[in-house]
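This note's numbering applies: residue 893 is where the sequence shown begins, and numbers increase by one.
In this text, a Cβ means the ideal position worked out from N, Cα and C, and glycines have one as well.
Just below is one structure, and these are the notes that go with it.
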Amino acid sequence: MNTYCSVSDIEAEALVLALSLLNIEEVEGSRKGKLREDACLTDEEIAFNFQAEYLKASLTELQDRRFALSLDEALETDSAALNVLSRINQGEQDDHLSALALERGNEVPIPTHSQEILEWTVSLSEFGSTMSSNNDITGAVEPDLDEMNDLAESSRLQYHRGQLSARDRMPSRVECVICGDLVRRSQSFNAPCSHFYCRGCLVNLVEASTRDETLYPVRCCQQPLPVANLLPLLSSDLRSHFQEKSAEFATTPTSRIYCPNQICSKFLGSSSGHKSEITCTSCGTRVCSACKNRAHLFEDCAENAQTSVVKSLASQMGWQTCPGCHAIVELCQGCYHMTCRCSTQFCYLCAALWKTCDCRQWDDQRLLDDAERRVYNEFGAREAAARPEIFVDRVYQRMAELEDNHECLVHRWVYRHGGGCCEECHDNLRTFLMRCRHCQALVCRRCSVNRL
């Protein structure tokens, strides 16, 4: 057997061995039935058996050698492509670091060699897809690594000379502000605040806004997202549902009419205007637009019985009613300065508009609890356990600060490693939360950009 040979030589040698093995099997087959079963093997039969085992072992070895040669030829053929893929992968990692620096307000690093190759590859693929009018790929051209290196080097020189525009320096991939995944810039949604969303997170946000009015209007960093740019990215069902909910949430809460049928509860429109009867298109229930109960011909309007029960419960529990939308709210922590989901600011004690009454701003126990919460969120449980005296001093110092200034007009969010419960939506996060440097609120990423 030759030590060095090509794939064709190995195949030819394997064919010879296979034919020899076939001949031995034919000879053994012709002898079956002519000798006794307990007869001893002749020297010729023993030689045939040894020869057959040798041929089988040789065939196995040839198959292994052929596989190894095929791998070697494949690596040699695809080495340029593998090198390009490796550099593209490194370029994506460098793009991720650039996106993080851009989000955190740091200086964007100079594009690396891998980033420039990645940008050139993306431009080449986009150019190819533009030039091709069908799916025929027979004319595809393999990337020339030397040409890519030359182009990348030329791009690097232009950058150092200050001749690249800001668009040329922008990474081809951006980080989704919610999930952190890197997505193509052309396949992302750019919010007015310069944050980017992948399509999955954007659709998830729109779906959540149809269930939770505090997320409406859909916004990022307190800036509404352009609805005209959102709608084309949604499915027809979600688009229709979002438009229905938009009409509902845009209606003043005190003017909204819902079907009184408890298994329906469809939004029927606004009660503004003259008294009339409205028929629910889903279940056929007729509703009085004045009292929002079932229609009552020739009878005066009466307060809804269930509304009376809720108001009675709110009075017993010490809850307050928003003077703007009449929603019932409960104070869990903090001062008596309330901001409703309808943006109305009022006093929790008397329900008067904020700064129009003489009520005190704090309850002493609530003030202590909120100061302790803020210090705990800022320094952590380990610090509180390690130095309890200093922790107590910080709490009383924070109490004094809150008495003079308790409002957080602009949140400044930073990452806080370690899981916990979001103080807004109460979801449990395992990896990290966002902490406001001013009010020390701990919230999830979504609440920090889409709710607060």
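| Asked | Found |
| --- | --- |
| Please state whether DSSP places residue 1307 in a helix, a strand or coil. | strand |
| Please confirm whether residue 1269 and residue 1308 have their CB atoms less than 9 angstroms apart. | yes |
| Tell me, please, which residues DSSP counts as bridged to residue 1291. | Note: residue 1291 sits in no beta bridge, so no partner. |
| Please name the residue in 1096, 1180, 1132, 1198 whose C-alpha comes closest to that of residue 1192. | 1180 |
| Is the separation between the beta-carbon of residue 1134 and that of residue 1098 shorter than 9 angstroms? | yes |
| Looking at residue 1311 and residue 1297, is the spacing between their C-beta atoms short of 9 angstroms? | no |
| Are the region 1091-1106 and the region 1065-1078 touching, with three or more C-beta to C-beta distances below 8 angstroms? | yes |
| Between which two residues does the beta strand (DSSP E) containing residue 1237 stretch? | 1237-1239 |
| Measuring alpha carbon to alpha carbon, tell me which residue in 934, 1144, 988, 990 is nearest residue 1164. | 1144 |
| Cβ atoms of residue 991 and residue 1338: under 9 angstroms apart, would you say? | no |
| Is DSSP giving residue 1070 helix, strand or coil here? | coil |
| Taking the DSSP output, what are the residues bridged to residue 1171? | 1178 |
| Which residues bound the beta strand (DSSP E) around residue 1231? | 1229-1231 |
| Do residue 1332 and residue 1267 count as a contact pair if the criterion is CB distance below 9 angstroms? | yes |
| Where do the ends of the alpha helix (DSSP H) carrying residue 1093 lie? | 1091-1103 |
| Under the rule that 16 or more other beta-carbon atoms within 10 Å means buried, what is residue 1272, buried or exposed? | exposed |
| Taking the alpha carbon of residue 1115 as the point to measure from, which residue in 1083, 1194, 1131 has its own alpha carbon closest? | 1083 |
| Return the residue from the list 945, 1228, 1212 that minimises the CA-CA distance to residue 1222. | 1212 |
| Would you list the residues sitting across from residue 1065 in a DSSP beta bridge? | 1076 |
| What span of residues does the beta strand (DSSP E) with residue 1150 cover, start to end? | 1148-1150 |
| Could you give the distance in angstroms between the alpha-carbon of residue 1206 and the alpha-carbon of residue 1239? | 16 angstroms |
| How about the region 956-964 and the region 897-908: do they share at least three Cβ pairs that are nearer than 8 angstroms? | yes |
| Less than 8 angstroms between the CB atoms is what I'm expecting for residue 1263 and residue 1241, so what's the real figure, rounded? | The pair is not a contact, with the Cβ atoms about 20 angstroms apart (cut-off 8 angstroms). |
| Determine contact between the region 1153-1170 and the region 1181-1190, defined as no fewer than three beta-carbon pairs at a distance below 8 angstroms. | yes |
| Could you give the DSSP three-state label for residue 899: helix, strand or coil? | helix |
| If you draw a straight line from the C-alpha of residue 1002 to the C-alpha of residue 1342, how long is it? | 32 angstroms |
| Between 946, 1169, 1254, 1079, which has its C-alpha nearest residue 1189's C-alpha? | 1169 |
| My output table needs one value for residue 1086: the three-state DSSP class, helix, strand or coil. | coil |
| Identify every residue that forms a DSSP beta bridge with residue 1335. | 1326 |
| Roughly how many angstroms separate the alpha carbons of residue 975 and residue 1125, rounded to a whole number? | 36 angstroms |
| What separation, rounded to the nearest whole angstrom, lies between the Cα atoms of residue 917 and residue 951? | 15 angstroms |
| State the Cα-Cα distance for the pair residue 943 and residue 912, rounded to the nearest angstrom. | 9 angstroms |
| Compare the beta carbon distance of residue 1325 and residue 1314 with 9 angstroms and say whether it is the shorter of the two. | yes |
| Between which residues of its own chain and residue 1106 is the CB-CB distance below 7 angstroms, once the five residues before and five after are set aside? | 1233, 1343 |
| For residue 1115, which of helix, strand or coil comes out of DSSP? | strand |
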